[in-house]
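For reference, the structure is listed below as structure tokens.
Protein chains in written order, with this note's numbering: chain A, 1 to 284; chain B, 1 to 268.
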């Protein structure tokens, strides 16, 4: 048993070390500013500018969080504070179902519904022409994928706020909503931030669904209707070609390492926030 | 607030409906029972049996390995080392592993495979998926085992049971519903995951005969079929997506049912 525990806890370390070791080639031959800020991506000339990919990733992820955060939060509040038990028992499994749908299926759905919608309806409204394979499409599909995680973590955190806090607020004459807004949410705030951060981490690394709808064009997107090329999509699309050129392979390992480090950072921050919440509300 | 509930649930319904409407008409018996033939992606005949069987092999192997590693680990974390530094480190590291994007498992798995000279194969896919399933299973098992009341364990020790006996007979049995749910959750996630098998499992038209043959998987089948310019093949992609969705939904329902049944052995 000890051995399996040690084995499982070392996996993440092993991944980080392997990626780091493989990235050293490109890190030693290129300056960090060139890798992160340059826009020229010409592997045959040994130029690796990640800038368009980084910006694309940020656009899509940021949009997803902007779309999904408020509805997820409101839904979590509704589930904990307002929903009668019967409705909760119907809605909760549905949210779990949403969490379980494979990402290719989400990509398929987005391809069939969202992309044509953007191309035909929304673009006409905004007065632009677009193929529909846009940052907006990627953002929407990611938002739907991230929502269940945000909802379930927020729900746990809000539920963990002790009853006396709600009762004290109502005893002072506050309405239900005032209680929720001023007492419950304020207490649960670090946990809610943690939920959002965890969702962000998931959105950052999601590959397949975004790949299918975001256009995969390596230019810095300037509007919601431009295509983008997020980093996970970059890795997924080009993996086969890159193995023959060591510097190319090393650049991809760096991209994967960047992803890992960012997700790691988010995960640790969220964990710290959640531990803080648990410590604050140790129920005797 | 009600609006957000409607929007969220509405998108779930929308996903199910769109896949159903587009996928069900294209689903024929031959899709389920034949493997792909040579001209499949150009509009030829055949089905996705290779992908269905391939997915079953991949996930079956991965789950076996993952359960073999995660059950002892969860038992160890809860019984032997609950407050030690190792337990804290292990839990934190598994939490991080839980958030790791699945494409990184693919990249890592592929690098290891290259190092050992293994080609894209069933074995590689199984390893990548096992890494994917591990944190999900351990987290679920850990949560359930933590909630077992101390009195139960103490009674077991008071009767003279050793730590191992307590772990196997009392804790494992109490935790069975949660463990079942965790395993099925992980299986559902693994069956639908494309990014980790993209590089490690390869893709093929046939059903693998050994661990070192490349293997097709359902998510990749959807992905590749969608990428062709032929509408008939794209239709098949929708049907394959539909099959995948049905499998995941049935797993979800099955896990709920099995959990209810396993709760019969639990002392409340």
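Each residue gets a CB set at the ideal place from its N, CA and C atoms; glycine is no exception.
In chain order, 1, 2, 4, 5 make up the part of chain A whose C-beta sits under 8 Å from the C-beta of residue 76 of chain B. Within the region 161 to 223 of chain A, the complete alpha helix (DSSP H) segments at least 4 residues long are 163 to 171, 185 to 205, 208 to 213, listed from N- to C-terminus. Judged by DSSP in its simplified three-state form, residue 137 of chain A adopts helix. Taken atom to atom, the span from the alpha-carbon of residue 256 of chain A to that of residue 145 of chain A is near 21 Å. At a cut-off of 7 Å, the C-beta of residue 244 of chain B has a neighbouring C-beta in chain A. Among the residues of chain B, none has a CB under 9 Å from the CB of residue 65 of chain A; the nearest is roughly 15 Å distant. In the DSSP assignment, the residues bridged to residue 47 of chain A are A/42. In this structure, B/238 is the residue among B/205, B/260, B/238, B/255 with its C-alpha nearest to the C-alpha of residue 23 of chain B.
At a cut-off of 7 Å between beta-carbon atoms, residue 223 of chain B makes contact with chain A.
Along the region 103 to 132 of chain B, going in chain order, the ones with a CB nearer than 7 Å to a CB of chain A are 103, 104, 107, 108, 111, 131.
At least one beta carbon of chain A lies nearer than 7 Å to the beta carbon of residue 73 of chain B.
Residues of the region 132 to 159 of chain B whose Cβ lies closer than 9 Å to any Cβ of chain A, in chain order: 134, 135, 138. As DSSP reads the structure, residue 228 of chain A sits in a beta bridge with A/215. For residue 54 of chain B, the CB contacts under 6 Å within the same chain, skipping 5 residues up- and downstream, are 215, 216, 217 in chain order. Taking all protein chains in view, the Cβ of residue 107 of chain B is crowded by 16 or more other Cβ atoms within 10 Å, so the residue is classified as buried. Take residue 131 of chain B, set aside five residues on each side of it, and the residues of its chain with a beta-carbon closer than 6 Å to its own are 105, in chain order.
With contacts defined as CB atoms closer than 7 Å, residue 138 of chain A and residue 213 of chain A qualify as a contacting pair. For the options A/222, A/154, A/231, the alpha carbon positioned closest to that of residue 194 of chain A is the one of A/154. Straight through space, the alpha carbons of residue 187 of chain A and residue 161 of chain A are spaced by roughly 7 Å.
Taken atom to atom, the span from the alpha-carbon of residue 261 of chain A to that of residue 188 of chain B is near 27 Å.
Closest in C-alpha terms to residue 208 of chain A, from the list A/106, A/10, A/60, A/248, comes A/106.
The beta carbon of residue 12 of chain A falls within 7 Å of a beta carbon belonging to chain B, placing the residue at that interface. Between the alpha carbons of residue 191 of chain A and residue 157 of chain A lies a gap of roughly 6 Å. Here the region 88 to 104 of chain B does not lie against the region 177 to 187 of chain B, with fewer than 3 beta-carbon pairs under 8 Å apart.
Taken atom to atom, the span from the alpha-carbon of residue 181 of chain A to that of residue 83 of chain A is near 16 Å. One finds 102, 192, 193, 194, 195, 219 in chain B with Cβ atoms closer than 9 Å to the Cβ of residue 103 of chain A, taken in chain order.
Between the alpha carbons of residue 220 of chain B and residue 22 of chain A lies a gap of roughly 27 Å.
Cβ proximity to chain B below 8 Å picks out 144, 147, 151 from the region 142 to 159 of chain A. Interface residue (Cβ-Cβ distance to chain B less than 7 Å): residue 78 of chain A is classified as such.
Taking each of B/140, B/11, B/72, B/28 in turn and checking the Cα distance to residue 233 of chain B, the smallest one comes out for B/28.
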